[in-house]
Amino acid sequence: MKKTILALVVLSALVVLAGCDPFGSEKTMTYITGSIYTDVEMTVPAEGIVVELIVDADSSAVRSQTVFTNASGVFFMEIQFYPFLPDAESGAGYTLPSTTEVGLQAHHGGETYEYKTVEDGFVLSAGDTLTVWPIDLSAFGGGSGEGKR
Numbered sequence: 084m085k086k087t088i089l090a091l092v093v094l095s096a097l098v099v100l101a102g103c104d105p106f107g108s109e110k111t112m113t114y115i116t117g118s119i120y121t122d123v124e125m126t127v128p129a130e131g132i133v134v135e136l137i138v139d140a141d142s143s144a145v146r147s148q149t150v151f152t153n154a155s156g157v158f159f160m161e162i163q164f165y166p167f168l169p170d171a172e173s174g175a176g177y178t179l180p181s182t183t184e185v186g187l188q189a190h191h192g193g194e195t196y197e198y199k200t201v202e203d204g205f206v207l208s209a210g211d212t213l214t215v216w217p218i219d220l221s222a223f224g225g226g227s228g229e230g231k232r
């Protein structure tokens with residue numbers, strides 16, 4: 084009887100631990116959203132516009148990704164923060180970064196709108212949501228769009 088109770092306690096502990104996923108929780112995710120329109124009055128949504136998260140090649144905190152705007156002209160990115168590998172010299176374990184810097188671009192046809200470059204990018208914090216300014220298709224094709232808000 085004691086062995087059965089002990090086995091149930093151990094099994095319960097394993098079930099609880101298996102349900103605890105430190106990666107993929109709200110504390111390890113960040114989100115980017117924005118809207119793109121076809122007209123300068125920003126009344127007609129632009130569907131199917133490619134929006135790309137640009138990540139420094141030396142960074143392992145987040146992965147680059149590409150999404151499309153929906154029928155409402157809105158894009159939404161879910162960005163997972165990943166832990167750094169243990170440091171071989173110090174012997175320290177995995178560490179999860181709390182911020183990282185990224186660039187963001189939108190593409191339509193052969194033209195690009197650059198919200199920010201990687202070098203002067205957005206600083207993302209785990210657990211936050213970044214809402215970028217709305218743009219229209221007339222802003223595409225030029226250089227950085229930072230001054231065209």
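The numbers in the working numbering rise by one with no breaks, and the one at position 56 of the sequence shown is 139.
Backbone N, C-alpha and C fix where the C-beta goes; we use that ideal spot for every residue, glycine too.
Computed from a prediction, not measured in an experiment: that's the story for all the values here.
1. Compute the Euclidean distance between the alpha carbons of residue 218 and residue 131, then round it to the nearest angstrom.
2. Residue 189 by DSSP, collapsed to three states: which one?
3. Report the rounded CA-to-CA distance for residue 118 versus residue 198, giving the unit in angstroms.
4. List the endpoints of the continuous beta strand (DSSP E) containing residue 143.
5. Go to residue 199, then tell me how far its beta strand (DSSP E) extends in each direction, as first and last residue.
6. Can the beta-carbon of residue 201 be found less than 8 angstroms from the beta-carbon of residue 186?
7. Starting from the C-beta of residue 115, find all residues in its chain whose C-beta is less than 6 angstroms away, skip the five residues before and the five after it, and write them out in chain order.
8. Determine the DSSP secondary structure at residue 181, reduced to helix, strand or coil.
9. Can you check DSSP and say which residues form a bridge with residue 135?
With the structure as the only source:
1. Translated into the one-based positions of the sequence shown, residue 218 becomes position 135. Translated into the one-based positions of the sequence shown, residue 131 becomes position 48. Annotation: residue 218 to residue 131 spans about 14 angstroms, alpha carbon to alpha carbon.
2. Start at 1 with the first residue of the sequence shown, and residue 189 comes out as number 106. Note: residue 189 maps to strand in three-state DSSP.
3. The sequence position of residue 118 within the sequence shown is 35, counting from 1. The sequence position of residue 198 within the sequence shown is 115, counting from 1. The alpha-carbon atoms of residue 118 and residue 198 are separated by roughly 12 angstroms.
4. Position 60 of the sequence shown, counted from the first residue, corresponds to residue 143. Secondary structure note for residue 143: it is in no beta strand (DSSP E), with a DSSP letter that is neither H nor E.
5. Walking along the sequence shown from the start, residue 199 turns up at place 116. For residue 199, the uninterrupted beta strand (DSSP E) run begins and ends at 194-199, by DSSP.
6. The residue given as residue 201 occupies position 118 in the sequence shown. The residue given as residue 186 occupies position 103 in the sequence shown. One thing to note: residue 201 has its Cβ within 8 angstroms of the Cβ of residue 186.
7. Working through the sequence shown from its first residue, we reach residue 115 at position 32. So the list reads 160, 213, once near-sequence residues are dropped.
8. Stepping through the sequence shown from its first residue, residue 181 is reached at position 98. Residue state for residue 181 is assigned as coil, using DSSP reduced to three classes.
9. Start at 1 with the first residue of the sequence shown, and residue 135 comes out as number 52. Bridge partners of residue 135: 149, 188.
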